[in-house]
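For the sequence shown, numbering that gives the first Met the number 0 begins at 0 and goes up steadily by one.
Virtual Cβ for every residue (Gly too), placed ideally from N, Cα, C.
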Amino acid sequence: MSAFRHRNFRLFFAGQTVSLIGTWMQQVAQAWLVLTITHDPLWLGITAVAQYGPVIILGLFAGVAADALPKRRVLLWTQITMMVLASVLAVLVITGRVELWMILGLAFLLGIASAVDMPVRQAFVMELVGREDIGNAVAINSAMVNGSRVVGPAAAGLAIGVFGVGPTFAINALSFLAVIVGLWLMRDRELHGVT
């Protein structure tokens, strides 16, 4: 647990925990919404391709960019972008204006943002703790990511049942605030490898 002695890592861990739970809530809500609109499981696959195709295609390039760009700034922008996309989807659903092509377009844009976000986020962990605590930080981060994969879908089922699909997207949009605030509160002087 040595990684937790780094204030920036604690901020990152707390923000990412909340945000990733929200992200997995959105995954379930998005699938539910697509099935509700189309009544056709084929569209689940098409939506997944729209969302994860950019991650596969752009992931290699984004990994190179992760080494060249200021990671904290990039993460702020990707998280803000994903929050806006979730907010747009929430508004479209709540107002009853959502159509399948909109979901596909928003999923595609989310995939582009995720393609940049994922490698930068992984590389950023090194800057948070340095070489000495990287093993511990990676283990903690992996446990958090996997835990969110369990908690998020369960929370989505509860949220969809109680509030509906639109508010579930809104919950995800709000969850991004946790990581955005965490990134904002970090101290540059405590980042390893930042001069």
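Query: Is residue 171 closer than 7 Å to residue 21 when the C-beta atoms are compared?; Result: yes
Query: Runs of 4 residues minimum, wholly inside the stretch 114-176: which ones carry the alpha helix (DSSP H) assignment?; Result: 133-161
Query: Would you mind sorting residue 100 into buried or exposed? The rule is 16 or more other CB atoms within 10 Å of its CB.; Result: exposed
Query: With burial defined as no fewer than 16 other Cβ atoms inside 10 Å of the residue's Cβ, what is the status of residue 139: buried or exposed?; Result: buried
Query: For residue 103, which three-state DSSP category applies?; Result: helix
Query: For residue 84, I'd like the list of residues in its chain whose CB is within less than 8 Å of its CB, leaving aside the five on either flank, ordered along the chain.; Result: 105, 108, 109, 112
Query: Using 10 angstroms around the beta-carbon of residue 12, count the other beta-carbons present and answer buried if the total reaches 16, otherwise exposed.; Result: buried
Query: Measure the CB-CB distance between residue 177 and residue 119 and report whether it falls below 7 Å.; Result: no
Query: With a threshold of 8 Å, are at least 3 pairs of Cβ atoms found where one atom belongs to the stretch 176-191 and the other to the stretch 68-75?; Result: yes
Query: Between which two residues does the alpha helix (DSSP H) carrying residue 185 extend?; Result: Premise fails: residue 185 is in no alpha helix (DSSP H) and is neither H nor E.
Query: Taking residue 192 as the reference, which of 134, 168, 127 has the closest Cα?; Result: 127
Query: CB residue 58 to CB residue 114, shorter than 7 Å?; Result: yes
Query: Take residue 116 and list the residues in its own chain whose beta-carbon comes closer than 6 Å to its own, dropping the five residues that flank it on each side.; Result: 77
Query: Could you spell out where the alpha helix (DSSP H) holding residue 67 opens and where it closes?; Result: 41-67
Query: Could you tell me whether the Cβ atoms of residue 168 and residue 49 are closer together than 7 Å?; Result: no
Query: Is it right to say residue 92 is buried, meaning 16 or more other beta carbons lie within 10 angstroms of its own, or is it exposed?; Result: buried
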